[in-house]
Amino acid sequence: MTEEIAVVPGDGIGREVTPVAVDVLDAVGDFEFVHAEAGDEVADEQGTPLPAETREAVETADATLFGAAGETAADVILPLRAAVDSFVNVRPARTYPGVDAVQPETDLVFLRENTEGVYAGHEAELADGVTTCTRVVTEEASRRLAEYACEYAPEGFTVAHKANVMRVTDGLFRETVENVAAEHGVETDAALMDALAMHLVENPADYDVVVCPNLAGDVLSDLAAGLVGGLGLLPSANIGPERGVFEPVHGTAPDIAGDGVANPAAAVLSAAMLLEFLGHDAAGERVRSAVEDVLEDGPTTPDLGGEATTRAVGDAIREVVR
Ligand code: NAI
Ligand code: MG
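In full-length UniProt numbering, the protein residues as written are 1 to 322.
And the structure:
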């Protein structure tokens, strides 16, 4: 049966890198692509950044490839994640031969809680100049994340938290994740997220898989992007029980959007994660290794010191994949 993939390029460089990822998917499999719009541009035209037909396309497709949205990012990506009931955001951050990195030894995967924490959407202005944000942590969400982590990293993982200050919320997070790990016989080590940030910069090789509350996972994975050579290299997967949304970690990059020089690696690596999610492990590996080859031998885009266009890099990746 032909699998259906919803393609939502969004805005800015999302419109430049997503077609490259689609071409690569097309080269390795037999998929039906359903194109849908989301983001600033469609908000201007239709009054909403996430039209109902886009949401439906994502809810019914086997998987979704998303680019990036601009100012409306939160109004697009949060509902898209919810549309597939995504409870974990998987963010690998590793270095590649041929790419200059601050810390060449980095090979990390962040498993970020994807539904709650301070991103649960409970913000309020209590009075003029007085605002609050309610942090939500539930046993259920922490448990789902932990179950996934045990399957993903049976050899053990680090639990990032700040339970010494947020005793109730991160206390529950830490305790739940540790209990689930113990039930599965999986070893964990707990790390205060602020100290962890420093250790990740100094000794990233000491860490492997890091399980994080929502905000911590957002910040620490961007920090890791800085260690490995920039946002143009980081893919991510929003995993739900049946469906997933796959997207580069980066945004719309307004500073280079329209120039045709965005690095498509993050989008193509996100497509590799999509392939693996759908069970096409060999195809996913082929795509990943093609990206590695091109990162090492070129051509590369300006963010990596090269002069190539997005298209030229995409063509090179496709050439290797074939
Ligand atoms: P950004 O990721 O768009 O850009 C940060 C820096 O990294 C820029 O200098 C950019 O040129 C560079 N960069 C990012 N991706 C690159 C690539 N593939 N190749 C080469 N260079 C790349 O983050 P920024 O500037 O904070 O946000 C810009 C817009 O994107 C904002 O409107 C923000 O709301 C949105 N955004 C959307 C996200 C999403 O849709 N998931 C995530 C992050 C930001
Ligand atoms: Mg972020």
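Built from N, CA and C at the ideal position, the CB exists for glycine as well.
Could you tell me the distance, in whole angstroms, from the CA atom of A312 to the CA atom of P299?
As a working mapping, residue 312 is identified with position 312 in the sequence shown. As a working mapping, residue 299 is identified with position 299 in the sequence shown. Computed Cα separation, rounded: 7 angstroms.
What do you reckon, are the CB atoms on T188 and E139 nearer than 8 angstroms?
Counting from one through the sequence shown, the residue named residue 188 turns up at place 188. Counting from one through the sequence shown, the residue named residue 139 turns up at place 139. No, the pair does not count as a contact, with Cβ atoms beyond the cut-off.
Fully enclosed by the segment 147-224, which alpha helix (DSSP H) runs are 4 residues long or longer?
169-183 and 193-202
Distance check for G314 and A21, CA to CA, integer angstroms please.
Within the sequence shown, numbered from 1, the residue matching residue 21 stands at position 21. Within the sequence shown, numbered from 1, the residue matching residue 314 stands at position 314. Those two C-alpha atoms are separated by around 8 angstroms.
7 angstroms CB neighbourhood of L172 in its chain, flanking five on each side removed
Your numbering for residue 172 matches position 172 in the sequence shown. Excluding residues within five positions, the ones whose Cβ falls inside 7 angstroms are V137, E139 and S142.
Compare the beta carbon distance of E37 and T54 with 8 angstroms and say whether it is the shorter of the two.
Translated into positions along the sequence shown, residue 37 becomes position 37. Translated into positions along the sequence shown, residue 54 becomes position 54. The criterion of a C-beta distance shorter than 8 angstroms is satisfied by E37 and T54.
First through last residue of the alpha helix (DSSP H) which encompasses residue 360:
Summary: the structure shown does not reach residue 360, with the chain confined to residues 1 through 322, and so no result is reported for it.
Check each candidate in P19, M198, E151 and R91 and name the one with the smallest Cα separation from A182.
In the sequence shown, the residue the question calls residue 182 occupies position 182. With distances taken between Cα atoms, A182 lies closest to E151.
Would you mind stating whether V287 and V28 have Cβ atoms separated by less than 8 angstroms?
The residue labelled residue 287 in the question sits at position 287 within the sequence shown. The residue labelled residue 28 in the question sits at position 28 within the sequence shown. Yes, the pair counts as a contact, with Cβ atoms nearer than the cut-off.
List, from N- to C-terminal side, the alpha helix (DSSP H) runs of 4 residues or more that fit wholly inside the segment 66-104.
73-83
Secondary structure of P254, DSSP reduced to three states:
The residue given as residue 254 occupies position 254 in the sequence shown. For P254, the secondary structure class from DSSP, reduced to helix, strand or coil, is coil.
Close beta carbons around Y119, own chain, < 7 angstroms, minus the five adjacent residues each side:
Here residue 119 refers to the residue found at position 119 when the sequence shown is read from its first residue. Contacts found: N214 and L215.
Enclosing alpha helix (DSSP H) for L269 [first to last residue]
By one-based count along the sequence shown, residue 269 stands at place 269. A265 to F277 is the span of the alpha helix (DSSP H), which, as asked, contains L269.
Can you name the start and end residues of the beta strand (DSSP E) that R112 belongs to?
In the sequence shown, residue 112 corresponds to position 112, counting from 1. Segment D107 to E113, the beta strand (DSSP E) holding R112.
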